[in-house]
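Scroll down for the structure; my scribbles are underneath it.
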Amino acid sequence: MPTYQYEAMDTTGGEVKDTVDAANEEDAQQKIRSMGYFVTRLTEMADKKKKKDKKKDKAAKPKKTKVLALGGVNEVQLVAFTRQFSVLQDAGLPVLRSLKILEGQMKPGILKNSLMDIVDDIESGNTLSEAFNKHPKCFDRLYVNMIRAGEAGGALEVILRRLAEFKEKAQSLARKVKGAMIYPIVVVSVAVAILSFIMIFIIPKFEKIFLDFKMKLPFVTVVLMDMSKLFVRYWYVIPVIPVFIVVSLKLIRLNKSGAYILDKIKLKLPVAGMITEKTIIARTMRTLGTLIASGVPILEALKIVKETAMNEVFEEMFQRVYDAIREGETIATPMRDCKLVDDLVVNMIDVGEETGDLDTMLNKVSDVYEEEVDVLVESLISLLEPLMIVILGLIVGTIVIALFMPLLELLDGLSGGGKK
Numbered sequence: 087m088p089t090y091q092y093e094a095m096d097t098t099g100g101e102v103k104d105t106v107d108a109a110n111e112e113d114a115q116q117k118i119r120s121m122g123y124f125v126t127r128l129t130e131m132a133d134k135k136k137k138k139d140k141k142k143d144k145a146a147k148p149k150k151t152k153v154l155a156l157g158g159v160n161e162v163q164l165v166a167f168t169r170q171f172s173v174l175q176d177a178g179l180p181v182l183r184s185l186k187i188l189e190g191q192m193k194p195g196i197l198k199n200s201l202m203d204i205v206d207d208i209e210s211g212n213t214l215s216e217a218f219n220k221h222p223k224c225f226d227r228l229y230v231n232m233i234r235a236g237e238a239g240g241a242l243e244v245i246l247r248r249l250a251e252f253k254e255k256a257q258s259l260a261r262k263v264k265g266a267m268i269y270p271i272v273v274v275s276v277a278v279a280i281l282s283f284i285m286i287f288i289i290p291k292f293e294k295i296f297l298d299f300k301m302k303l304p305f306v307t308v309v310l311m312d313m314s315k316l317f318v319r320y321w322y323v324i325p326v327i328p329v330f331i332v333v334s335l336k337l338i339r340l341n342k343s344g345a346y347i348l349d350k351i352k353l354k355l356p357v358a359g360m361i362t363e364k365t366i367i368a369r370t371m372r373t374l375g376t377l378i379a380s381g382v383p384i385l386e387a388l389k390i391v392k393e394t395a396m397n398e399v400f401e402e403m404f405q406r407v408y409d410a411i412r413e414g415e416t417i418a419t420p421m422r423d424c425k426l427v428d429d430l431v432v433n434m435i436d437v438g439e440e441t442g443d444l445d446t447m448l449n450k451v452s453d454v455y456e457e458e459v460d461v462l463v464e465s466l467i468s469l470l471e472p473l474m475i476v477i478l479g480l481i482v483g484t485i486v487i488a489l490f491m492p493l494l495e496l497l498d499g500l501s502g503g504g505k506k
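Spelled out as C-alpha cells, the structure:
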C-alpha cells in the first residue's frame, strides 16, 4: 500500500506534518480529514527506484508551453476559476490536483500561464498564497490575503466560496453600471457621425446654390456655413478630440492633487456623481466585510480597501480610518468626521462594532447601496433619453431653419419674377 506524506492544519490553525498509508489519494485525503485535519499538501512517498523512474519520466515528459499574453486577466474568467476552485475544494480534492484540473481545462491566456507557474511552485513546496502572490496581474492583494487567511484558519473551501460570491457580486455591479453607459454613448456617437456627414457633404451643396444666386444670407445661415467650412477643413480633428480629452485626463491624474480634484468633480456631477459615490461605497463595504469575515487583520483589510476605492477622495477617508484604528479609535468616528458617507453607513458600522458583527453590517450596507445604484442607473437612463432627444432636436431644427430660410426667400423671388 502506498505511503503519503501530508501537511495539514489542525482545528487551532497549527501546522501538522506526518505520513499515512492509503490505497490512493482520495483514500488518504479521507483518512486525514477523519483525524480532524485540513489538508494543504499531499504527496506520495516513493522509494529510490521510483524516484529514479519519476526523474526519467519528468525528463521524457514534454514541458508545457505558454502562449504570449498581454494585459491583465479577464474578470469573467477569474470569477469562473474562483467558483470552480471553490467547488473542487468543497468536494474534498487536494489543492494541487484541483489546480491541475483547472489549468488543464483553461483556455490559453495570462491566467493559464499563471496557473502553470503556481502548480510548479506548489510542487516545489510553496504554499498556495505564496504561489498566488507571485502573479499580481491575476490575483490582487485582496485575493492573496483571503487565501492566506483561509490557509491559516484551515477553512480554504469556505474562503474560496466567499471569495467567489464577492467576485460575482462585484462583477454584477460593474456590469450594471457599464451597461447603463452603453446606450447614451452609442446614441451620441451616431448623432456626431450624422451631424459630421451633414456638415461635410450636405451643407456645402446648399452654400453653392446660395452663392450662384448671390443671395444675402441670414446670420444663422452664415454661422452654419462657417461651421461647415471648419468641419470640411479640419475633419480629422473630430476623432482626435475624444482621444485628446482621455489623454489629458490621464496626464492630470498622474499628479495626486490633479487626481483628487478630478475625483471630487466626478462625485459632484448630477446623478452620475451619486452613482459613482454609491458604487464606491457598495464595493468598498463589501470588500471590507468579506475581508473581516475571512479573518484578515483589520489594518491589512483597510489597506486593501483603500486600493479598491479607485477614488482619491475615498482613499483619503480610508487613510484617516486606518490612522484612527492604529490610535485605538473605532471605524465609525473618522467616517463621521469626513462627512463623505451617509449617516446610514456610519450608524450601521457603529452598531456592527458594538455588537461584534461588523462584517454582517458591512455586507448589509453594500446590499442597500447596490439596490440604490440600480435605481439611480434606471433614473439616469430615463433622464438621458428625453434630454438627448431635446438636444438633438434643437441641433437638427437649427440646421433646418438655417437652410430653409434662404431657400424660402429664393423661392419667393423666383415665383415673384415669374409672375412679372
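To get our numbering, take the position in the sequence shown, counting from 1, and add 86.
The beta carbon of each residue, even a glycine, is placed where N, CA and C say it ideally should be.
Bear in mind that the values here come from a model prediction, so they are computed numbers and not experimental data.
- For the 8 Å CB-CB criterion, A94 and F124 form a contact.
- Straight-line measurement puts the Cα of E293 at about 55 Å from the Cα of I367.
- Of all C-beta pairs linking the stretch 158 to 178 to the stretch 242 to 252, three or more are shorter than 8 Å, placing the two stretches in contact.
- Contact holds between the stretch 362 to 378 and the stretch 216 to 236, because three or more Cβ pairs, one in each stretch, are under 8 Å apart.
- Comparing C-alpha distances from L335 to each of P325, L348, Y92 shows the shortest one belongs to L348.
- DSSP, read as helix, strand or coil, puts K103 in strand.
- When DSSP states are grouped into helix, strand and coil, V159 belongs to the coil group.
- In this structure, the beta-carbon distance from L174 to E209 does not fall below 8 Å.
- Unbroken beta strand (DSSP E) stretches of 3 residues or longer found wholly inside the stretch 174 to 199: none.
- One Cα belongs to K364, the other to V205, and the distance between them is close to 39 Å.
- The C-beta of N449 has 16 or more other C-beta atoms within 10 Å across all chains shown, which makes the residue buried.
- Nearest neighbour of S172 by Cα position, chosen from E161, L185, K342, C224, turns out to be L185.
- Contact between A235 and R369 does not hold, since the beta-carbon distance rounds to 20 Å and is not under 8 Å.
- Assigned with DSSP and collapsed to three states, Y92 falls in strand.
- Within its own chain, the residues whose Cβ lies closer than 8 Å to the Cβ of M491, once the five positions on either side in sequence are excluded, are P304, V306, T307, listed in chain order.
- Rounded to the nearest whole angstrom, the C-alpha separation of G479 and I286 is 20 Å.
- Ranked by Cα distance from D107, the first of S120, D96, Q91 is Q91.
- Rounded to whole angstroms, the Cβ separation of G359 and L353 is 5 Å, and the two are in contact under 8 Å.
- Just measuring C-alpha positions, the residue of P222, D104, E216, L259 sitting nearest A238 is E216.
- By the C-beta criterion, the stretch 266 to 280 is judged not to be in contact with the stretch 189 to 206, since fewer than 3 inter-stretch pairs fall below 8 Å.
- CA-to-CA, the gap between L297 and L355 works out to about 46 Å.
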